[in-house]
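Notes for the one structure printed next.
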């Protein structure tokens, strides 16, 4: 309820109006007689103003026309004159809101979020409040709207109610401008004098007349202090920065100016700090971008490309460095390269970036492709000639860079040489005779290997930032971003565990996680469709929620591009691993040791050869070792995948597989029947020397740092690989089924034979072969069991098949 003491209690009154002065007139010496200051002095034990001064609403107590206990609704109107427009004041009717006892201004809270200093005027129409264009833009209010107005107590947020320091962005407000640099100290003095005792908060926009030139000011950050900190010596202030902070401007407040990069205004250095182009917005926060898992990449991009641009041009010149003019973002598809470039404009206080897709540069007319490149740099060249080092930053975002910047001489551009000319034009603009220091080219590609090397050297696209697959923490961030709206609107059930989903989505890119969320949503929507048709929705569709089960079902539907080839691996161990011999347990144990050796990065590259007779289970064991490793990336490579390929196509196929294997934190490749990959045949003998050389080179090439690789190869021709000098770092022998006890174990494990049947079959095998030694591959034994199950005499049929296999191996 509004009464005489409800606005400020015993803490003072609203401040008096700022002193009147002509636009551009130097401010007079600061005065300490403000009512608001006296109010604070009273709080700290100094003389108290009279009770009449405490109210802020004159002798009548509550403001006229304001209903008791709630605010007043007023209609926006234009400002009465320029003193309100350039003074950041709003006019109200003295009949609606009574002036203070001293006839001063008062604070009003508008729409519950914005605070302005209001000046009651007897001649101003009732039911209205004047708002300038800048004020309406800040509050997003139209002249046809109705605003809610109520008194505001500046001390409601605690002791820290004064502005300690404030970052303000400045630009010319109209067509009138000047090339004369503005001294920051003089500008700050005029700012404080004009808006003293007013309340400011981040995002606030206002106009100021300085030297008869209108300027637009935008408050970026506000740091609050209490009165004791404000009076403390330098360094003693305890400041609090808050996006929703509001504070009273005082003569002791520090104003830090930065120029709007889109404005031609020039700022001259201050005695307290040098003038700088504020490339990064002061109020920028990474979470505003909606990008997860790339905090380190953003930090590195900022350090390499933008840190030098924050400091004034003179300082960079003294160090003797030039700004970075190019960044290359590369990595797998869907990891967020384009998203980063798209969002960089939000973190930069610069012009809107120019965005161009690689294929859009090319044109069928002679010389037009090169002209398209020149147009991208035209604005930057013009401004650099006019302003030199004071020029603002021009950003060019080049998506799908590999489309036009292929290696020169490779035939890009259809054999016309257009591709080479485009690359030459881009090189000359980035680092030619007339160097530009006000540009930043951000190129994106997932084929870094295709880009001309001259474009990647220092001085051009010198910062190479790999945007790789997100780790578990990054995946949880991305899942949180993509499920924000469903969480806020109560559409995500409480059983959804994002940390568990982050563990299950190994090797998922950001785009694939987005697809996973969409798939889970589709399962939730399907539950509310009658009869399976989209035409009939159930009555409880408004209560729809997405459960953990929906995400688990989506995991069966959405698979990562760089993931585990689960279907191929499961097919390789379709019958499971039968531990018929201690050798099998030893092979699996050795495999686990190799897996841990690579995971710990003790050995970043380890090649292991599993060799043995054909059908001994080498592929199944290699697949089981790979699956038990739980590496994010596991790929089974088989000769059948390369049927119909010539030598060059095979080399390209294998090269892509090895390149993909460098994308994850831990990687495993299973090369099945490696001797067949090199086209080896015993007749001749013959093999492909080109494919063999490629495989040798890829197996010996160490992966990038932090991307260890385990290679598991299988072969039935170990002696052939030795002759071809295809060497491995470790080898594991996989034996056949050798003894009667081992074959009896396999028969019992199958569940197709009783104990008497096993004894009978083993006896008949020994009787037929004339010995106890079996020496048959486990695959042949399993085939014999499957064949025997189709016969009425299972033991006899099984003994017959195995006896033939023993005789065949003995021949």
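Numbering (this note's numbering), first residue to last: 84 to 894.
All C-beta atoms in this analysis are idealised placements derived from N, C-alpha and C, irrespective of residue type, glycine included.
Just so it is clear, the structure is predicted and the values come from calculations on it, not from any experiment.
* To the nearest angstrom, report how far apart residue 452 and residue 799 are at their CA atoms. => 56 Å
* How should residue 408 be labelled, buried or exposed, when 16 other C-beta atoms within 10 angstroms of its C-beta is the threshold for buried? -> buried
* Cβ contact check for the region 174-192 and the region 290-304: 3 or more pairs under 8 Å -> Counting Cβ pairs under 8 Å, fewer than three are found: no touch.
* Run the CB neighbour count on residue 662, radius 10 Å, all protein chains shown included, and call it buried at 16 or more, exposed below. => exposed
* Who does residue 716 pair with in a DSSP beta bridge? -> 750
* Would you report the Cα separation of residue 715 and residue 419, rounded to the nearest angstrom? -> 19 Å
* Length of the line joining the Cα atoms of residue 793 and residue 815 -> 14 Å
* Candidates 787, 262, 885, 191: closest to residue 841 by CA position -> Ranking 787, 262, 885, 191 by CA distance to the CA of residue 841 puts 885 first.
* To do: Could you tell me whether the region 776-796 touches the region 833-847, using the rule of 3 or more Cβ pairs below 8 Å?
  => Look at the beta carbons and you see the region 776-796 not touching the region 833-847: under three pairs across the two are nearer than 8 Å.
* Is it the case that the Cβ atoms of residue 159 and residue 260 are separated by a distance below 8 Å? -> no
* Would you kindly work out how many angstroms separate the C-alpha atoms of residue 267 and residue 248, rounded to a whole number? => 14 Å
* Could you spell out the range, first to last residue, of the beta strand (DSSP E) harbouring residue 159? => 155-160
* Range covered by the alpha helix (DSSP H) that runs through residue 255 -> Element bounds for residue 255: not the alpha helix (DSSP H) but the beta strand (DSSP E), 245-255.
* Among 166, 772, 755, which residue has its Cα nearest to the Cα of residue 762? -> 772
* Give me the Cα-Cα distance between residue 747 and residue 512, rounded to the nearest whole angstrom. => 36 Å
* To do: Would you kindly work out how many angstroms separate the C-alpha atoms of residue 632 and residue 644, rounded to a whole number?
  => Roughly 23 Å between the two C-alpha positions.
* Asked: In the structure shown, what three-state DSSP assignment does residue 889 receive?
  -> helix
* **Cα-Cα separation, residue 387 to residue 378** => Straight across, the Cα-Cα distance linking residue 387 with residue 378 is about 14 Å.
* Which stretch, first to last residue, makes up the beta strand (DSSP E) that contains residue 693? -> 688-694
* Quick one: is residue 178 near chain B, going by C-beta distance under 8 Å? -> Here chain B cannot be found, since the structure has a single protein chain.
* **Unbroken beta strand (DSSP E) run spanning residue 796, endpoints** => 792-798
* **residue 235 classed as buried or exposed, judged by whether at least 16 other C-beta atoms fall within 10 angstroms** => buried
* To do: Could you tell me the distance, in whole angstroms, from the CA atom of residue 195 to the CA atom of residue 639?
  => Pairing residue 195 with residue 639, the inter-Cα distance amounts to about 49 Å.
* **Option in 829, 889, 874 with minimal Cα separation from residue 851** => 889
* Give the straight-line distance between the Cα atoms of residue 906 and residue 597, rounded to the nearest whole angstrom. => Past the boundaries of the shown model lies residue 906; the chain is included only from 84 to 894, so the question cannot be answered.
* DSSP beta-bridge partners of residue 266 -> 351
* Count the other CB atoms within 10 Å of the CB of residue 768; is the residue buried (16 or more) or exposed (fewer)? -> exposed
* Using the rule of at least 16 other Cβ atoms within 10 Å of the residue's Cβ for burial, across every protein chain shown, is residue 292 buried or exposed? -> buried
* To do: Note down the Cα distance separating residue 551 from residue 490, rounded to an integer number of angstroms.
  => 24 Å
* Sort 787, 707, 810 by Cα distance to residue 757 and report the nearest one. => 810
* Buried or exposed for residue 795, please, with buried defined as at least 16 other CB atoms from any protein chain shown within 10 angstroms of its CB. => buried
* By DSSP, does residue 627 sit in helix, in strand, or in coil? -> Coil at residue 627, not helix or strand.
* Asked: Thinking C-beta only, is residue 229 closer than 8 Å to residue 212?
  -> No, they are not a contact pair.
* To do: Could you work out which residue in 868, 788, 676, 507 is closest to residue 658 when comparing CA atoms only?
  => Looking from the CA of residue 658, the closest CA among 868, 788, 676, 507 belongs to 868.
* Do the CB positions of residue 66 and residue 302 come within less than 8 Å of each other? -> Because the chain in this structure spans residues 84 to 894, residue 66 falls outside the shown range and cannot be described.
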